[in-house]
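Counted the way numbering that gives the first Met the number 0 counts, the sequence shown spans residues 0 to 725. Virtual Cβ for every residue (Gly too), placed ideally from N, Cα, C. For clarity, every value in this text was computed on a predicted model and none was experimentally measured.
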Amino acid sequence: MLAAGVVLLGSAVLGFHVSEILAERSLATTVISTGLWTELVEEVGGKVVTRGERVFAELNALPIVGGTAAVGVCLWLVGSSLLTMVSRKRWTRALAEFGRWGWLWWLTPIVFGLLDFAGTTGWLGTEFPLLLRGTLPFWNAALFAGWGATWIALAVPDVPAEKRALHSPSTIPAAVWGAMAAFTVAFGWMNWQLYDALLLPHGDSAMYEEHLWNLLHGKGFRSYLDNGRLFLGEHVQVVHLLLMPLYLLWPSHVLLELCQTLALAAGAIPVYRLAFRATDSRRVGCLLALTYLLYFPMQFLDIAIDFKTFRPNGFEIPFLLFALDAMESRRFRGMWVWLLLAMSCQEDAATVIAPLGLWIACCPSGKELPDGGVAHQRARWSGWALAAGGTLWVLLVIKVILPWFRGGADVHFAQYFSDLGENTDSIVSTVFQRPMAVIARVFRAESGLFAIALLAPLGGLSLLSPGRLAVAVPLFGVLCLSDITDSPQHHFHAPLVPILFWAAAHGFPRGARWGRGLSERLGFLSQPSAVPATPPPVPLVANGRQLPTSSATEHSAGTTVSAGAVLRYLRRRAHRQVSPQRESACLAGVAVWCLVSAAVSGFWIGLSPASLAFWDPHSSAYWRKMYVPGERARQIETVLEQIPTTARVASTDLAHPRFTHYERSYDYSSYRPIVPEDCEYIVIDVKAPGSGIRGPADVRELRDDPDRWRLLPDKTNGCFLILQRY
Numbered sequence: 000m001l002a003a004g005v006v007l008l009g010s011a012v013l014g015f016h017v018s019e020i021l022a023e024r025s026l027a028t029t030v031i032s033t034g035l036w037t038e039l040v041e042e043v044g045g046k047v048v049t050r051g052e053r054v055f056a057e058l059n060a061l062p063i064v065g066g067t068a069a070v071g072v073c074l075w076l077v078g079s080s081l082l083t084m085v086s087r088k089r090w091t092r093a094l095a096e097f098g099r100w101g102w103l104w105w106l107t108p109i110v111f112g113l114l115d116f117a118g119t120t121g122w123l124g125t126e127f128p129l130l131l132r133g134t135l136p137f138w139n140a141a142l143f144a145g146w147g148a149t150w151i152a153l154a155v156p157d158v159p160a161e162k163r164a165l166h167s168p169s170t171i172p173a174a175v176w177g178a179m180a181a182f183t184v185a186f187g188w189m190n191w192q193l194y195d196a197l198l199l200p201h202g203d204s205a206m207y208e209e210h211l212w213n214l215l216h217g218k219g220f221r222s223y224l225d226n227g228r229l230f231l232g233e234h235v236q237v238v239h240l241l242l243m244p245l246y247l248l249w250p251s252h253v254l255l256e257l258c259q260t261l262a263l264a265a266g267a268i269p270v271y272r273l274a275f276r277a278t279d280s281r282r283v284g285c286l287l288a289l290t291y292l293l294y295f296p297m298q299f300l301d302i303a304i305d306f307k308t309f310r311p312n313g314f315e316i317p318f319l320l321f322a323l324d325a326m327e328s329r330r331f332r333g334m335w336v337w338l339l340l341a342m343s344c345q346e347d348a349a350t351v352i353a354p355l356g357l358w359i360a361c362c363p364s365g366k367e368l369p370d371g372g373v374a375h376q377r378a379r380w381s382g383w384a385l386a387a388g389g390t391l392w393v394l395l396v397i398k399v400i401l402p403w404f405r406g407g408a409d410v411h412f413a414q415y416f417s418d419l420g421e422n423t424d425s426i427v428s429t430v431f432q433r434p435m436a437v438i439a440r441v442f443r444a445e446s447g448l449f450a451i452a453l454l455a456p457l458g459g460l461s462l463l464s465p466g467r468l469a470v471a472v473p474l475f476g477v478l479c480l481s482d483i484t485d486s487p488q489h490h491f492h493a494p495l496v497p498i499l500f501w502a503a504a505h506g507f508p509r510g511a512r513w514g515r516g517l518s519e520r521l522g523f524l525s526q527p528s529a530v531p532a533t534p535p536p537v538p539l540v541a542n543g544r545q546l547p548t549s550s551a552t553e554h555s556a557g558t559t560v561s562a563g564a565v566l567r568y569l570r571r572r573a574h575r576q577v578s579p580q581r582e583s584a585c586l587a588g589v590a591v592w593c594l595v596s597a598a599v600s601g602f603w604i605g606l607s608p609a610s611l612a613f614w615d616p617h618s619s620a621y622w623r624k625m626y627v628p629g630e631r632a633r634q635i636e637t638v639l640e641q642i643p644t645t646a647r648v649a650s651t652d653l654a655h656p657r658f659t660h661y662e663r664s665y666d667y668s669s670y671r672p673i674v675p676e677d678c679e680y681i682v683i684d685v686k687a688p689g690s691g692i693r694g695p696a697d698v699r700e701l702r703d704d705p706d707r708w709r710l711l712p713d714k715t716n717g718c719f720l721i722l723q724r725y
């Protein structure tokens, strides 16, 4: 009866929460589009009302509450039945435990409502309502993540200690490979379709393919988007040159997209290894790897919110993850190789490499480092070298390399922080002379929302390893100083993602301990049972050579594991004697909490097929709008037929990627108001989203200089304007 009451109360609270969201457009549009909100309001019998600047809905909450109550009861009965089959508990006990503890999570909207009320009164400051309402998707994620984690914690069956096989982290489970394949197929298809649909921007995307083409054809490592100067004046990004052998076989921008998608998917491998090494659990490793693939801040490195699809700094994520994996495996030479590859992606990789080196140097006998002796000292010296080298590299890039390629001009990204100064020198002066102004910018509501957007999809698990998380703090603080960079929906946060998952992997043990403590207080897991003091007898292998074993071990099942895995097993058992059932249940519950947090957050915010926006016809990310080529895409072929490949062409942004293989491809936009004198053709994408040119009357060259330009006859059904110089 108590469980039934909790289920009904939690369902009713969720129903009122849904009705409150639907009643106010400003709140609803944090999770759904305006068009979908209007449809849902009408579907539940309400109507949209406009009073002044406020737009809201008048609706009856009782049908919504009744509907959520019915759904809640059905989920309770079905979930308890499944719990009975999985854990072999009595049905009445399953009903009591799942209803009593699972539906407590459905009461979290009460906390959100109280905080929202306090925000409207002004008690918590003027920025608090902005921060709170921006976090609505993550409140919903926590609700379902806690509910799912509770079911898992109750469902994990008893696992006798002698049957718990030890495994090597080098063996990647089939589930991880399958998830990586699904990610590659989904995002590979989306990238390809964006290119075919003529929706791929040239700036920050196709320009990198132009680098390869121009370099192969003797034009230098440049894109004429940047006035023809060498690209090293913008960023130290050279990693895409490693794709040159493949590019010789398939000179297409789509190749770069597919390689980036494969690289991001491959990051699931080191994530699995990091989690397995921290927990000795294949299940936890698999679930964190799946969490990585569902983590929307990582997905935005493949397709950003503005549909920019390729940037070399996306490769930083797998390179840094493999470096962390190599570090924990005590393969420091491999770590250096991966870190050097990461630094070839963009100079911002050094902003996490330097703090990582400091962490390595100051980490006393951490299990990521050798236990002592010469190897331990080498590791510490490697840490100091990374800290010093990363710091010096950042200074060298900003003050020497980039200005040299820019003819002495300051770095272009200094303008991102224009509120602090006009150039890098004045920005640094502001940091030291007006520290309170800098602190005020860091602690804005936008910065808080940025932090929550990075941490909440991991269930906050990274916070449970604060030392590792501190490696990301310097770069995070810098990103918070600009309104352009403080978002996980673009590309600036790329170096932060590996650190967050590294910290999350090592947050599992502490999260499991907290879960065990909570389960002991609540009493919904079985009591600890006897645990053997030693691991199951298995032959040990170290450095490829079998170690001596006892006769009992020699006649065991024959499972082969690394000596390090057994040492970790013994260390954990010596540290805390807990039943395998309770340990498995708590670790699995924490892992599911993490996975569902990522999945639900991505459902509300992401762009992938696992998101609402992908299927919402009213969303700008609707798949029929973005991934189905239309009339514009078909007519671009007609444009290409009219212009020889030896010509020098200026084109608008979305048409620009089709001209990167021409003699020269210039940018025709408000950023480049003057067309170069050697330009022979201008191609204007009239039907492009956001185009400010709708006809010949809007073209400044035809209006201001008609004697030098003529308009070619339209063969594109009004989709494009083609100008040719006399």
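Taking residue 586 as the centre and dropping the five residues before and after it, the same chain places the C-beta of 278, 280, 283, 507, 511 closer than 7 Å to its C-beta, in chain order. DSSP places residue 722 in the strand class (E or B) of the three-state scheme. Here residue 56 is near residue 40, since their CB atoms are less than 7 Å apart. Comparing C-alpha distances from residue 25 to each of 353, 42, 43, 47 shows the shortest one belongs to 47. With respect to residue 514, residue 407 sits apart: the two C-beta atoms are not nearer than 7 Å.
In the assembly as shown, residue 96 is a buried residue. Its beta-carbon has 16 or more other beta-carbons within 10 Å. The shortest CA-to-CA distance from residue 93 to any of 108, 104, 103, 76 is the one to 76. Counting along the chain, no beta strand (DSSP E) covers residue 322; the unbroken alpha helix (DSSP H) around it starts and ends at 315-327. Contact between the stretch 254-274 and the stretch 173-186 is present: three or more C-beta pairs spanning the two stretches fall below 8 Å.
Spatial neighbours of residue 673 in its own chain (CB-CB distance under 8 Å, excluding positions within 5 residues in sequence) are not present.
When C-alpha distances from residue 155 are compared across 83, 720, 316, the shortest belongs to 83. For residue 224, the closest of 688, 711, 695, 669 by C-alpha to C-alpha distance is 669. Within the same chain, 423 come within 8 Å of residue 398 by CB-CB distance, once the 5 residues on both sides are set aside. Across the set 703, 301, 629, the C-alpha of 301 shows the shortest separation from the C-alpha of residue 493. Between residue 21 and residue 58, the beta carbon gap of about 6 Å places them in contact (Cβ cut-off 8 Å). 346 is the residue among 468, 631, 23, 346 whose C-alpha sits nearest the C-alpha of residue 313. Around the beta carbon of residue 190, 16 or more other beta carbons lie within 10 angstroms, which makes this residue buried. For residue 479, the CB contacts under 6 Å within the same chain, skipping 5 residues up- and downstream, are 441, 446, 485 in chain order.
Under the three-state reduction of DSSP output, residue 271 falls in the helix class. Residue state for residue 18 is assigned as helix, using DSSP reduced to three classes. Taking the C-beta atoms as reference points, residue 490 is found nearer than 7 Å to residue 310.
Between residue 358 and the set 434, 597, 471, the nearest pair of CA atoms involves 471. Non-local beta-carbon contacts of residue 147 in its own chain, meaning distances under 6 Å to residues more than five positions away in sequence, involve 591, 595 in chain order.
Judged by DSSP secondary structure, residue 710 falls outside any alpha helix (DSSP H) and instead within the beta strand (DSSP E) spanning 708-710.
The beta-bridge partner set that DSSP reports for residue 663 consists of 647.
In this structure, 720 is the residue among 54, 5, 720 with its C-alpha nearest to the C-alpha of residue 634. Looking at the DSSP output, residue 683 sits in a beta bridge with 720. For residue 641, the closest alpha carbon among the candidates 712, 271, 18, 625 is that of 712. Listed as beta-bridge partners of residue 229 by DSSP are 221. Under the 10 Å beta carbon count, residue 339 is surrounded by fewer than 16 other beta carbons and is classified as exposed. Taken through DSSP and simplified to helix, strand or coil, residue 88 comes out as coil. Excluding its 5 nearest sequence neighbours in each direction, residue 126 has C-beta neighbours in its own chain below 6 Å: 444, listed in chain order.
According to DSSP, residue 48 shares a beta bridge with 55.
Beta-carbon to beta-carbon, residue 29 and residue 132 are separated by about 6 Å, close enough to satisfy the 8 Å threshold. Sorting 63, 36, 43 by C-alpha distance to the C-alpha of residue 54 places 36 at the top. The residue from 79, 188, 217 with its alpha-carbon nearest to that of residue 150 is 79.
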